[in-house]
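Q: Numbering-wise, my numbering puts 209 at position 192 of the sequence shown, and it's gapless, one number per residue. Take this structure, written in structure tokens, and hold onto it; I'll ask about it next.
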Amino acid sequence: MILAQYLSILFVELKDDFQMKKIAFFLFTIIINAFSAVAQPSIQFDNNSHNFGEILEENGPVKFKFEFTNLGTAPLIVNNVKASCGCTTPGWTKEPVLFPGKRGYIEVQYNPLNRPGSFRKSLTIYSNSGSGNSTLYIQGSVTPKPRSLAETLPTKIGNLKMRTRTFNIGNITNNKTVEKKFHIYNDGDKPLSLVKADVPAFLSVSFSPETIAPGKAGKIVVQYDPAKRNELGYVRDDLTLYTNEAEREVKKLSAIATIQEYFPPMSTEELAKAPKLKFEKTLISFGSAQEGEPVSAEFTFTNLGKSDLDIRKVKSNCNCTKTAVEPSTVKPGESGKVILIFNTDGRKGVQHQQVTVFSNDPKGSMQMVALRGTVASK
């Protein structure tokens, strides 16, 4: 730069020497162009990451300002800032940051609403810096806002709030009645009580307490008798509750359970004498079939135990698959078969038909076999 100034003075003083003046002008032009070619901005951040630490969700968004310096020889312009997720809102210095040593900022805001747990997010900084784009990082951990019982019960029917419309009784055995309690909440301004329950004979439903005050919590108590249900495997049943509300007093709900046969504790000697169900294979692939073309398969099984094996029930996951057992009682060392007939009408694409086989094998009373393949359109 000093040399360029010197040549500029020399160019003025060489009034009478035209040839020397041409040489000075040529050198001056070269130096100015060379300086312009290398002049460029350069962005340098004080820090390229920030840890917010623990954030409380109820305190709302948190902010941090990343500051930078232009160490280059030309004005620095931040063109855009892109965050890795919508939970992060960036802002930045919009005007050019002049040189040398002038400063700017990138401000980031993180919203912890409904984002519990640890997080790590990035921001990409697009600028005219000679070093290219920059990346910044924020991280931390969000502690969720404590929620009231009412907030944890998203399903609302009239003034009754509950978790779902389905009472999940879970996995149970068929030897005893099971009682389950489900949280409920009165979201109205009047007392809420159960007037009537239309339920199957193996079910009973009640409120606890019988009347729930406005803005208060309670429980629905469900008693389920699997012996009376007289079924094995997954079952689903509808029920209707009537409350004392003037509007939407009818509540259409359901109960589900998976019922297994109960076997009392057995000694090692007793287990050795028990029946034992063993399938030759549990998965058969039929390859491909045309829609409307029935597909059949046979699953061979053997009784490896020392007493008669009884097949209690065979249950398909789809009414499109019919089943049969030959025979239903198998002597020790003998074999039988489970037959599947899959109706492909209205079925297209990859198919996976699953069948559950229930028996008196105390160690494997519920076993599954499956039929898999692809159904092509007509």
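From the three backbone atoms N, C-alpha and C, an ideal C-beta is built for every residue, glycine too.
Can you find at least 3 beta carbon pairs, one from the segment 166 to 180 and one from the segment 260 to 267, that sit closer than 8 Å?
A: At 8 Å Cβ cutoff, the stretches touch.
Q: Taking the alpha-carbon of F316 as reference, which of T361, T373 and K395 has the nearest alpha-carbon?
A: Nearest C-alpha to F316: T373.
Q: Entirely within the segment 233 to 296 and at least 4 residues each: give me those alpha helix (DSSP H) ranges in chain order.
A: Segments of the alpha helix (DSSP H) lying fully in the segment 233 to 296: 243 to 246 and 285 to 290.
Q: Examine the ligand HEM and report whether any of its heavy atoms sits within less than 8 Å of the Cβ of N360.
A: For the structure depicted, the ligand HEM is absent and the ligand set is empty, with no information on it obtainable.
Q: What residue does the beta strand (DSSP E) around A306 start on, and which one ends it?
A: Here the beta strand (DSSP E) through A306 covers L300 to Q307.
Q: Between which two residues does the beta strand (DSSP E) carrying I370 extend?
A: Contrary to the premise, residue 370 reads as Gln rather than Ile in this sequence. Start and end: G366 to S376.
Q: Could you tell me whether the segment 184 to 194 touches the segment 156 to 172, where touching means 3 or more Cβ pairs closer than 8 Å?
A: The segment 184 to 194 vs the segment 156 to 172: no contact.
Q: Can you tell me the Cα-Cα spacing of I358 and E248, whole angstroms?
A: Their backbone Cα atoms lie some 22 Å apart in a straight line.
Q: Going along the chain, which unbroken runs of the beta strand (DSSP E) with 3 or more residues stay wholly within the segment 123 to 162?
A: As far as the segment 123 to 162 is concerned, its whole beta strand (DSSP E) runs of at least 3 residues are 134 to 144 and 151 to 160.
Q: Quick check on P243: buried or exposed, where buried means 16 or more other Cβ atoms within 10 Å of its Cβ?
A: By the neighbour-count rule (16 or more Cβ atoms within 10 Å), P243 is buried.
Q: By Cβ distance below 7 Å, which residues in the same chain neighbour F224 in space, the five residues on each side in sequence not counted?
A: Excluding residues within five positions, the ones whose Cβ falls inside 7 Å are S210, L211, G235 and I237.
Q: Is V331 closer than 9 Å to V355 when the C-beta atoms are compared?
A: Closer than 9 Å, so yes.
Q: Would you mind working out which of G366, P92 and D325 sits nearest E351, comparing C-alpha positions?
A: It is D325.
Q: Relative to the alpha-carbon of Q61, which residue among S376, A100, P133 and N145 has its alpha-carbon at the smallest distance?
A: Per the Cα distances, N145.
Q: Please state whether DSSP places N192 in a helix, a strand or coil.
A: DSSP places N192 in coil when its eight states are reduced to three.
Q: Buried or exposed for M179, please, with buried defined as at least 16 other CB atoms from any protein chain shown within 10 angstroms of its CB.
A: That one is buried.
Q: For I49, which three-state DSSP category applies?
A: Low local confidence applies: a pLDDT of 42 at I49 is under 50, so the model's placement there is unreliable, with the coordinate-based value given in what follows. In this structure, I49 counts as helix in the three-state DSSP scheme.
Q: Counting Cβ pairs closer than 8 Å, one from the segment 301 to 309 and one from the segment 383 to 392, do we hit at least three?
A: Enough Cβ pairs lie closer than 8 Å, so yes.
Q: Out of curiosity, what's the CA-to-CA distance linking E75 and I186?
A: Between E75 and I186, the C-alpha separation is close to 35 Å.
Q: Is it true that the segment 90 to 103 meets the segment 129 to 144, where meeting means three or more beta-carbon pairs spaced less than 8 Å apart?
A: Yes, the segment 90 to 103 touches the segment 129 to 144.
Q: Have a look at I328 and V342 and give me their C-alpha separation to the nearest angstrom.
A: Looking at the two C-alpha atoms, the distance is approximately 8 Å.
Q: Could you check where the beta strand (DSSP E) with G353 kicks off and where it finishes?
A: Here the beta strand (DSSP E) through G353 covers S352 to F359.
Q: Helix, strand or coil for A230, going by three-state DSSP, please let me know.
A: Three-state DSSP puts A230 in coil, outside helix and strand.
Q: Taking Cβ positions, are V216 and T257 nearer each other than 9 Å?
A: The answer is yes: Cβ separation under 9 Å.
Q: Taking the alpha carbon of P92 as the point to measure from, which residue in P113, T86, T361 and G103 has its own alpha carbon closest?
A: Checked all of P113, T86, T361 and G103; the closest Cα to P92 is P113.
Q: Let's see if you can read the secondary structure: which residues bound the beta strand (DSSP E) around K213?
A: It spans L209 to D215 - the beta strand (DSSP E) in which K213 sits, taken as one unbroken run.
Q: Please report how far the alpha carbon of K207 lies from the alpha carbon of N261, in whole angstroms.
A: C-alpha separation (whole angstroms): 10 Å.
Q: Just how far apart, CA to CA, sit Y279 and Q126?
A: Taking the straight line from one Cα to the other gives about 57 Å.
Q: Have a look at L321 and P292 and give me their C-alpha separation to the nearest angstrom.
A: Those two C-alpha atoms are separated by around 7 Å.
Q: Label I47 either buried or exposed according to how many other C-beta atoms from any shown protein chain fall within 10 Å of its C-beta, with 16 as the threshold for buried.
A: Low confidence applies to I47: its pLDDT is 48, below 50, so where it sits in the model is not reliable enough to give any reading.
Q: Can you pull the DSSP bridge partners for G187?
A: G187 pairs with A274.
Q: Take the Cβ of M283 as the centre, count every other Cβ of all protein chains shown within 10 Å, and call the residue buried at 16 or more, exposed below.
A: Exposed, by the Cβ-count rule.
Q: Report yes if the C-beta distance between Q307 and N334 is below 9 Å; otherwise report no.
A: Result no, Cβ atoms of Q307 and N334 do not sit closer than 9 Å.
Q: Excluding sequence positions up to five away, which residues of its chain have a Cβ less than 6 Å from the Cβ of G255?
A: Just to set this straight, residue 255 is Asp in the shown sequence, not Gly. Closer than 6 Å at the Cβ level, and outside the excluded window around D255, lie S271.
Q: Taking the alpha carbon of V367 as the point to measure from, which residue in S394, N377 and F375 has its own alpha carbon closest?
A: V367 has its Cα closest to that of S394, out of S394, N377 and F375.
Q: Starting from G175, trace the beta strand (DSSP E) in both directions and tell me its first and last residue.
A: Here G175 belongs to no beta strand (DSSP E), and DSSP marks it neither H nor E.
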